[in-house]
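*Asks:* Pasting in a structure now, in structure tokens, and then I'll have a few things to ask.
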Amino acid sequence: MRAACLFRRSGPEGLVCPDVPRPEPKPGEVLVRVHAAGVTPTELMWVPTWTTREGTPRPFPVIPGHEFSGEVTALGTGVSGLSVGELVYGMNDWFSDGTQAEFCVAPAEWIAPKPQTIGHDAAAVTPISALTAWQGLIERCGISSGQRVLIHGGTGAVGAFAVQLARWRGAHVIATASAHNLEYARSLGADEVIDYRATRFEDVLRDVDAVFDTVGGETLACSWGVLKPGGKLVTIAASGEIDPDERTKQAFFIVEANRAQMIEIARLIDAGTLRPEVDGVFPLAEARVAYEYKPRHGKAVLRVV
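Residue 1 is where the sequence shown starts when you use full-length UniProt numbering, and the numbers rise one by one after that.
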């Protein structure tokens, strides 16, 4: 099979697209014919891209990518609830070879039926970003109707899903974004938008129920001060070593695959409540270009089929 591969530890400049052996599903795994795979450029800097769970170097070549949309082609022993020929989307193990290939394997519980109203490109860019937003806002912050929720980076791949999910939950949504993205943030469902270059959010906001941070740095540091007593903050842009204000419950987290959540996300997409954003479609052979591309909204995708 063809796959985007790295034969040395590098950035996108090291990506090539040779023929490599097709993987076989182990017990509990599913073999998927990949139609499209989402591109997360920062993953070339992640530890699991280059090391095993035990901390030893992974053998080369390394295949990146950990979200996909495609068709089930084979089932490992013990797999139930999925069938050959079924259209699915999902994630695979961070420490395994990835999805930017003609075939990939993934744990069966990390896969769900593909949303019916969108194509493979849009489905492929959904799992990581949508699950991150879901787990941050709904699982960890427990947002509910009427609460005021601040979302930093509200027009990025994760932030856009966060704005839409917060709106769906009935929250009053405040999003920070750059000036040229303010209208886009409103179109996603933001009730208030703040141009972060023109206005310091900490000067105009107080008593926010929850903050979802995708930016980190000074933005994160200043966010503790806008929370109400008992408010919650989650971040995907900092280490877990931050010492939060005593009023808040600090939570740095890394997204985890969750079949039940992906089923609900697919339902919301098919209902028109959530809309994934694809910005840039590239063939598998142009993986390097896709990783170097800077989407304005959403994510780039590698179209395999």
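All C-beta atoms in this analysis are idealised placements derived from N, C-alpha and C, irrespective of residue type, glycine included.
Just so we're clear, the structure is a prediction, and the values are computed from it rather than from any experiment.
Which runs of the alpha helix (DSSP H) at least 4 residues long sit entirely within the segment 3-45? Give them in chain order.
*Replies:* none
*Asks:* Quick one: using the 10 Å Cβ neighbour count with 16 as the cut-off for buried, is A9 buried or exposed?
*Replies:* In the sequence shown, the residue the question calls residue 9 occupies position 9. For the record, residue 9 in the displayed sequence is Arg; it is not Ala. Exposed, because fewer than 16 other Cβ atoms sit within 10 Å of the Cβ of R9.
*Asks:* By Cβ distance below 6 Å, which residues in the same chain neighbour L150 in space, the five residues on each side in sequence not counted?
*Replies:* Mapped onto the sequence shown, residue 150 falls at position 150. These residues qualify, in order along the chain: I174, V208, V211.
*Asks:* Which full runs of the alpha helix (DSSP H) of 4+ residues lie inside the segment 76-154, going along the chain?
*Replies:* 120-124, 127-134
*Asks:* Check for me: the alpha helix (DSSP H) holding F201 runs from which residue to which?
*Replies:* In the sequence shown, counting from the first residue as 1, residue 201 sits at position 201. Segment 201-204, the alpha helix (DSSP H) holding F201.
*Asks:* Within 10 angstroms of the Cβ of E246, are there 16 or more other Cβ atoms? Answer buried if so, exposed if not.
*Replies:* If you number the sequence shown from 1, residue 246 lands on position 246. Below a pLDDT of 50, predicted positions are generally treated as unreliable, and E246, at 44, falls in that range; the measurement from the model is reported next regardless. Flag for E246 reads exposed.
*Asks:* Compute the Euclidean distance between the alpha carbons of E241 and A4, then round it to the nearest angstrom.
*Replies:* In the sequence shown, the residue the question calls residue 241 occupies position 241. In the sequence shown, the residue the question calls residue 4 occupies position 4. Legend: pLDDT at E241 = 47, less than 50; position of this residue unreliable, no value from coordinates given.
*Asks:* With a threshold of 7 Å on Cβ separation, who are the neighbours of D121 within its own chain once the five nearest residues in sequence on each side are excluded?
*Replies:* Here residue 121 refers to the residue found at position 121 of the sequence shown. The residues are A36, V278, V281, V301, R303.
*Asks:* One question on the structure: do residue 306 and E29 come within less than 9 Å of each other, judged by their Cβ atoms?
*Replies:* Nothing about residue 306 can be reported from this structure: the residues present for the chain run from 1 to 305 only.
*Asks:* Nearest by alpha-carbon distance to S69: which of V79, E43, P113 is it?
*Replies:* Against the sequence shown, residue 69 aligns to sequence position 69. Of the residues V79, E43, P113, the one whose Cα lies closest to the Cα of S69 is P113.
*Asks:* For a test of the three-state rule: what should DSSP assign to D245, helix, strand or coil?
*Replies:* Sequence index remark: in the sequence shown, residue 245 carries index 245 (1-based). Its pLDDT being 47, under 50, D245 is placed unreliably in this model, and the value from its coordinates should be taken loosely. Coil, per DSSP.
*Asks:* Suppose the cutoff is 8 Å on Cβ atoms and the five residues either side in sequence are ignored; what does the same chain contact list for E13 look like?
*Replies:* Translated into positions along the sequence shown, residue 13 becomes position 13. Only R288 meet the Cβ criterion.
*Asks:* From the DSSP output, in three-state form, read off E286 for me.
*Replies:* Start at 1 with the first residue of the sequence shown, and residue 286 comes out as number 286. It is helical.
*Asks:* For G225 and F103, I'd like the C-alpha separation in whole angstroms.
*Replies:* Counting from one through the sequence shown, the residue named residue 225 turns up at place 225. Counting from one through the sequence shown, the residue named residue 103 turns up at place 103. Each residue's alpha carbon lies about 47 Å from the other.
*Asks:* What are the partner residues of residue 322, as DSSP defines its beta bridges?
*Replies:* Because residue 322 is not part of the residues shown, which for the chain are 1 to 305, the question remains open.
*Asks:* Indicate whether at least one CB of chain D lies closer than 9 Å to the CB of V125.
*Replies:* Any reference to chain D falls outside this structure, which holds one protein chain only.
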